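S.K.: Quick note: the sequence shown, position 13, residue 13 per UniProt numbering, numbers continuous.
Sending over a structure as structure tokens; questions will come in a sec.
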Amino acid sequence: MRRITTHDELEAEAQRHAYLLLKISASWCNPCQIYSPIIESVSKTRSDISVAEVDVDDMPAIRETFHVRSVPTLIMFKNGSAVDSLIGSQAVENVHAWIDHTIQA
């Protein structure tokens, strides 16, 4: 999972891949830390998407850009554009189902 620290990096990563799953989290957020292994698992088992992570403290403008109200938040990019989000920690099955639904939409 690639760590992104600037808007330019995020834009380049979103353009580089047909599908990019972005995990927005914070180092101080306990649910985010618990969620990390689930997203790592998704990253390793899904060859159809790329996965990256942003810490809201490293990139505070991301909150406004994507209307992030709480962390963790997942955002799916399709062909460079944000198309859907999933808020809060989820079971791995729910994350996979959401990814499948978002890709097929």
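The C-beta atom is built at its ideal place from N, Cα and C for all residues, glycine as well.
Being a predicted model, the structure only gives us computed values, none of them experimental.
Which value, in whole angstroms, describes the spacing of the CA atoms of Ala14 and Glu93?
M.R.: As a working note, residue 14 is residue 14 in the sequence shown. As a working note, residue 93 is residue 93 in the sequence shown. Computed Cα separation, rounded: 24 Å.
S.K.: Rounded to a whole number of angstroms, what is the C-alpha to C-alpha distance between Ala52 and His7?
M.R.: Locating residue 52 in the sequence shown gives position 52, counting from the first residue. Locating residue 7 in the sequence shown gives position 7, counting from the first residue. Roughly 13 Å separates the two Cα atoms.
S.K.: Report, in whole angstroms, the separation of the C-beta atoms of Val56 and Val42, which I expect to be a contact under 8 Å.
M.R.: Counted from its first residue, the sequence shown places residue 56 at position 56. Counted from its first residue, the sequence shown places residue 42 at position 42. Rounded, the Cβ-Cβ distance is 20 Å, inconsistent with contact.
S.K.: Going by beta carbon distance, what residues of the same chain come within less than 6 Å of Phe77, once the five residues before and after it are set aside?
M.R.: Counting from one through the sequence shown, the residue named residue 77 turns up at place 77. So the list reads Ala14, Leu20, once near-sequence residues are dropped.
S.K.: For Ser81 and Leu10, I'd like the C-alpha separation in whole angstroms.
M.R.: By one-based count along the sequence shown, residue 81 stands at place 81. By one-based count along the sequence shown, residue 10 stands at place 10. Rounded to whole angstroms, Ser81 to Leu10 spans 11 Å at the Cα level.
S.K.: Would you kindly work out how many angstroms separate the C-alpha atoms of Cys32 and Gly88, rounded to a whole number?
M.R.: Sequence index remark: in the sequence shown, residue 32 carries index 32 (1-based). Sequence index remark: in the sequence shown, residue 88 carries index 88 (1-based). Those two C-alpha atoms are separated by around 8 Å.
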